[in-house]
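Before any comments, here is the structure.
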Amino acid sequence: MSASFRMRNDGVDLFVRLTPKAAMDRLEGIETSADGRSHLKARVRAVPENGAANQALERLVAKALGVPRSAVSVVAGGTARLKTLRILGDPAALAKAIEALGGD
């Protein structure tokens, strides 16, 4: 099983599986797919049009990790369900916060 995030010099890359058009915005913990990769499950109310769901995901993750919204951005998978978010900040502190979210 792999971790749901990768450490970087300036922060972390977080792997997320996003479900748009949900009943509520929420993070649902860490899930492992059939190929052994782990990712954070997230649901947002926004529709996947014009980047609305990605923006809602960025806001949700920023709030959950206690970082500014500007520190979170989708860097891969913009139109896919599986995404990579880049989160800028202290890598050790971010890793600890992510582990607290999903018990990674």
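Residue numbers for the sequence shown follow this note's numbering, beginning at 34 and rising by one.
Beta carbons: idealized from backbone N, C-alpha and C, even for Gly.
As the structure is a prediction and not an experimental result, all values here were calculated from the model.
Query	Result
Going straight from the alpha carbon of K74 to that of D68, what length do you get?	16 Å
Do I131 and G44 come within 7 Å of each other at the CB atom, strictly closer than that value?	no
Between the beta-carbon of K116 and the beta-carbon of V80, is there less than 7 Å?	no
Which ranges would you report for the alpha helix (DSSP H) in the segment 40-113 if only whole runs of at least 4 residues count?	85-98
Check the Cβ-Cβ distances between N42 and every residue of chain D, and say whether any is below 7 Å.	The structure shown contains no chain D, having only a single protein chain.
Leaving aside the five residues before and after V100 along the sequence, list all residues of the same chain whose C-beta is less than 6 Å from its C-beta, in chain order.	G122
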